[in-house]
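For this note's numbering, add 184 to where a residue sits in the sequence shown, where the first one is 1. Note that beta-carbon positions come from the ideal geometry of N, C-alpha and C, so glycine has one too. Since we're looking at a predicted model, the values are computed, not measured. Comments concern the structure below.
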Amino acid sequence: MSESVSLPALGESVTEGTVTRWLKNVGDRVEVDEPLLEVSTDKVDTEIPSPIAGVIEAILVQEDETVEVGTPLVTIGDGSAAAPAAEVAPEPVAAPEPAAAPVAAPVADPEPVAEPELVAAPVVAAVAAPAAVAPAVVAAAAPAAVPAAAVPAAAVPAARGSHAGTSGYVTPIVRKLANEAGVDLSTISGTGVGGRIRKQDIEAASTAATTPSASPAVEVSPLRGTTQPMSRLRKVIAERAVISMQSSAQLTTVIEVDVTRVAMLRDRVKAAFHAKTGNKLSFLPFFALAAAEALQAVPIVNATIEGDTIVYPAQENMSIAVDTERGLLTPVVRNAGDLDLAGFADQIADLAARTRDNKLKPDELSGGTFTLTNTGSRGALFDTPVVFLPQSAILGTGIVYKKPLVVTSDGLDSIAIRSSVYLALSYDHRIIDGANAALFLTTMKSRLEAGDFEGNLGI
């Protein structure tokens with residue numbers, strides 16, 4: 185009995201998918217929930233698991249083919265209907281090498297070596313005939329080697345670099361310098377008369393041994409000089425980016441925030457946080473929580489445009505940018521305004537892991553009202569991220585680094601080493617003004633610089 189597996193529903197708004205890669209071949213055994221193939225949609229790349237166990241008998245949809253939901257993809261059965269694998273033709277037997285001619289005897293024109301008989305190939309596979317074996321050619325006999333004993337001793341030059349020196353003698357001064365510098369005389373080729381090792385040779389060898397080697401060069405990517413087709417996901421990202429830039433009026437406002445108190449709190453509680461939640465406490469949950477609160481205070485940043493109206497959502501669904509080998513994806517943390525630091529850390533870690541492992545469901549990539557992208561994870565100071573419609577704003581967080589800042593305490597200014605970060609908000613100027621953007625960012629700034637997150641740890 186055989187059963188076909190069809191393209192399942194991948195989300196409420198997904199009607200078709202493109203087969204990007206088959207993970208199994210005809211004749212392979214597959215178990216329940218084992219991935220069969222990868223499918224790309226306009227929202228996500230995902231793996232399709234097998235709902236049944238059996239043997240792949242037929243693949244019905246080829247790679248790069250786009251089909252609708254419900255289309256049969258593959259037939260799985262007990263293996264009796266699987267196409268037999270083509271037999272592989274045995275390799276031709278190699279011709280024996282001709283025997284070496286005697287050294288002392290003159291060599292006459294040799295007889296050509298006969299070609300070996302080719303093994304007949306099976307009917308199912310055509311095998312090209314191998315090139316004919318050229319007749320063996322035997323070079324003229326070389327003169328017999330002279331026994332080493334017959335060579336006069338004077339004809340054998342002294343080996344350079346020996347402890348005795350290439351001239352048979354190393355001066356006491358040179359030997360003393362070599363011992364002090366830890367230089368092995370046997371590794372040095374002398375530059376003196378007759379190859380004698382000189383003082384300058386010891387000094388050069390000592391300098392070379394103590395000079396640090398140059399830093400390793402940057403590894404050259406194998407993609408250099410090649411041409412690669414764009415993946416379906418990259419095409420979707422490119423199209424959406426161009427449409428968003430052409431359809432909205434985008435600009436960016438940047439603010440610097442002193443997060444020293446957050447850094448101190450994080451250092452103090454991160455061990456206990458990890459022990460109780462299983463997640464590391466990075467700076468990102470702090471930024472996400474502060475952003476969620478600022479969205480509630482300045483809801484225009486969380487709003488969308490529908491025709492001539494502005495829609496203010498009743499919740500903050502925060503898209504988190506995740507960099508993958510396939511491209512940038514933005515899974516959604518829903519109801520972000522209700523989460524504490526532990527909640528953010530858990531959801532961000534889970535979504536990021538499943539995004540990189542192709543385990544996301546398409547619906548987990550839709551419904552976002554605002555995006556947070558942590559460009560600082562790659563060392564960037566700040567950037568000007570692109571807003572993707574229908575959202576109206578995206579926040580980029582730079583790297584947290586230490587720098588000298590002016591600190592005011594009790595009316596007195598001083599310079600201190602502080603932990604600092606740049607926050608960059610890109611927004612659609614059709615509905616968000618610069619004053620709205622500045623209010624959103626300063627709300628975040630006040631929250632982060634106060635560093636009062638003990639009650640939001642969630643542990």
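Taking the C-beta atoms as reference points, residue 556 is found no nearer than 7 Å to residue 515. Between the C-alpha atoms of residue 407 and residue 510 there is a straight-line separation of about 15 Å. Contact check for residue 627 against residue 455 fails: the beta carbons are separated by 7 Å or more. Counting C-beta pairs with one atom in each stretch, the region 494-504 and the region 555-575 have three or more that are closer than 8 Å, which means they touch.
In this structure the region 417-435 does not lie against the region 579-599, because fewer than three pairs of beta carbons, one per stretch, are closer than 8 Å. Contact between residue 575 and residue 488 holds, with the beta-carbon distance rounding to 7 Å and staying under 8 Å.
Its chain contains 436, 437, 577, 579, 621, 624 and 625 as the residues whose beta carbon lies nearer than 7 Å to that of residue 609, once the 5 sequence neighbours on both sides are disregarded; these appear in chain order. Here residue 486 is buried, its C-beta having at least 16 other C-beta atoms within 10 Å.
By the neighbour-count criterion, in which 16 or more other beta carbons inside 10 Å mark a residue as buried, residue 495 falls on the exposed side.
Rounded to whole angstroms, residue 427 and residue 590 show a C-alpha spacing of 43 Å. Assignment of residue 242 by DSSP, reduced to helix, strand and coil, places it in the strand class.
With contacts defined as CB atoms closer than 7 Å, residue 358 and residue 389 fail to qualify as a contacting pair.
At a Cβ-Cβ threshold of 7 Å, residue 546 and residue 228 count as neighbours.
The beta carbon of residue 201 sits closer than 8 Å to those of 191, 194, 223, 224, 225, 250, 251 and 253, all from its chain and outside the five residues before and after it, given in chain order. Within the same chain, and ignoring the five residues on either side of residue 613 in sequence, the residues whose Cβ sits closer than 6 Å to its Cβ are 433 and 435. A straight-line Cα-Cα distance of about 57 Å links residue 443 and residue 385.
Close CB contacts of residue 449 within its chain, under the 8 Å cut and outside five residues either way in sequence, are with 635, 637 and 638 (chain order).
Pairing residue 186 with residue 531, the inter-Cα distance amounts to about 40 Å. Taken through DSSP and simplified to helix, strand or coil, residue 635 comes out as coil. Here the C-alpha atom of residue 568 lies approximately 11 Å from the C-alpha atom of residue 582.
Residue 383 counts as exposed, since fewer than 16 other beta carbons sit within 10 angstroms of its beta carbon. A direct Cα-Cα distance of roughly 14 Å separates residue 209 from residue 233. Collapsing the DSSP output to three states places residue 451 in a helix.
Spanning the alpha carbons of residue 262 and residue 533 requires a straight line of approximately 40 Å. Distance from the CA of residue 365 to the CA of residue 374, rounded to the nearest whole angstrom, comes to 16 Å. Linking residue 529 to residue 642 through their CA atoms gives a straight-line distance of about 10 Å. Annotation: the region 543-621 contains the following complete segments of the beta strand (DSSP E) (minimum length 3 residues), in chain order: 554-557, 577-581, 585-593 and 596-612. For residue 563, the CB contacts under 8 Å within the same chain, skipping 5 residues up- and downstream, are 583 in chain order.
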